[in-house]
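Protein sequence lines correspond, in order, to chains A and B. Numbering of the first sequence is given in the numbering used here, commencing with residue 1 and proceeding in unit increments. Numbering of the second sequence is given in the numbering used here, commencing with residue 114 and proceeding in unit increments. C-beta: ideal position from N, C-alpha, C; glycine also.
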Amino acid sequence: KQEVTQIPAALSVPEGENLVLNCSFTDSAIYNLQWFRQDPGKGLTSLLLIQSSQREQTSGRLNASLDKSSGRSTLYIAASQPGDSATYLCAVRQGTNAGKSTFGDGTTLTVKP
Amino acid sequence: GAGVSQSPSNKVTEKGKDVELRCDPISGHTALYWYRQSLGQGLEFLIYFQGNSAPDKSGLPSDRFSAERTGGSVSTLTIQRTQQEDSAVYLCASSPIPGSHTDTQYFGPGTRLTVL
Numbered sequence: 001k002q003e004v005t006q007i008p009a010a011l012s013v014p015e016g017e018n019l020v021l022n023c024s025f026t027d028s029a030i031y032n033l034q035w036f037r038q039d040p041g042k043g044l045t046s047l048l049l050i051q052s053s054q055r056e057q058t059s060g061r062l063n064a065s066l067d068k069s070s071g072r073s074t075l076y077i078a079a080s081q082p083g084d085s086a087t088y089l090c091a092v093r094q095g096t097n098a099g100k101s102t103f104g105d106g107t108t109l110t111v112k113p
Numbered sequence: 114g115a116g117v118s119q120s121p122s123n124k125v126t127e128k129g130k131d132v133e134l135r136c137d138p139i140s141g142h143t144a145l146y147w148y149r150q151s152l153g154q155g156l157e158f159l160i161y162f163q164g165n166s167a168p169d170k171s172g173l174p175s176d177r178f179s180a181e182r183t184g185g186s187v188s189t190l191t192i193q194r195t196q197q198e199d200s201a202v203y204l205c206a207s208s209p210i211p212g213s214h215t216d217t218q219y220f221g222p223g224t225r226l227t228v229l
C-alpha cells in the first residue's frame, strides 16, 4: 500500500526567502506525481505534474523534482511572497492504476510580509 | 464549463438521513474521482470513474456509500443513513484521457457535509 509523507507539516518564512517542501513515498512504481495548492475553505489547484519518466518540472517561481528510486519529490519555491501562503499537497498516482491518487497530509506554508 | 462544479456547496443534515452530492466535471474529461477530506486529515480516495464505469471503488468506506455517473458526465455520490463520522468535505476531480501526458486532475470547490 502506497504511503505518502510530507515534511515539514508547517513552515513559516519571511517574504523573499527560497524554500523547499518535501514529499516521500514508499512504492516507487508510480505513474505520476502532482503538486497541489489548497487555500483555506477552497478546493485544490494543480501546480505541477511530473510524469514517472521525468526528473523535474518548472512553472514560474516553482520547480518540482522527482527521484523515483529514492521515493522523493521536492517542491522549490523561489522568492516567496505572502500570496504563496497555503497548504501544499503532493499526490502520487500508481503505475498499475491510472485512477487512484494517494495524497500526503500537506505542508502548511506561511510567508510573513 | 470553465471548471469542475459541485453542488451543494454546504449541506447540513440529521443523522440517519440520506444525502446526494453532485459533481459536474470539465466537459470532455473522461475520468472522474471522488475524495473526502475530514477535519485535520489528508485527502482520502473514494471512487474513480472511467466513462460511466467505476473500475476502482476501493475507497468507499461502507455499503452506505454509492456513486454513479451518467452520460460520461455528471456524477452523484449518495450517502445513506448518514452518521456523524461522515462529516467532511467531499471533493470531486476530473481529468482528460488517462494515460496522456496531460493527465492532470482538476478539482472542484467541494461540498462541506455536516451531520448533526
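For residue i, report the span of its beta strand (DSSP E) as first-last.
| i | result |
| --- | --- |
| T5/A | V4 to I7 |
| D169/B | S166 to D169 |
How about residue i: is its C-beta nearer than 8 Å to some C-beta of chain B?
| i | result |
| --- | --- |
| S101/A | yes |
| N32/A | yes |
| G71/A | no |
| D105/A | yes |
Counting only beta-carbon atoms, is residue i nearer than 8 Å to chain A?
| i | result |
| --- | --- |
| D199/B | no |
| A144/B | yes |
| F220/B | yes |
| D216/B | yes |
| D137/B | no |
| L156/B | yes |
Helix, strand or coil: which one does DSSP assign to residue i?
| i | result |
| --- | --- |
| Q54/A | coil |
| P14/A | strand |
| E127/B | coil |
| D199/B | helix |
| D105/A | coil |
| D67/A | strand |
In or out: residue i buried (at least 16 other Cβ within 10 Å) or exposed?
| i | result |
| --- | --- |
| G107/A | Per the sequence presented here, residue 107/A reads as Thr, with Gly not at that position. It counts as buried. |
| S207/B | buried |
| A64/A | buried |
| A167/B | buried |
| L100/A | In the sequence as displayed, the identity of residue 100/A is Lys instead of Leu. Answer is buried; the Cβ neighbour count reaches 16. |
Which residues, in chain order, does the stretch 41-66 of chain A contribute to contact with chain B at a C-beta distance below 7 Å? So the close ones are K42, G43, L44, S46, L49 and Q51.
In chain order, what residues of the stretch 178-204 of chain B put their CB closer than 8 Å to some CB of chain A? L204
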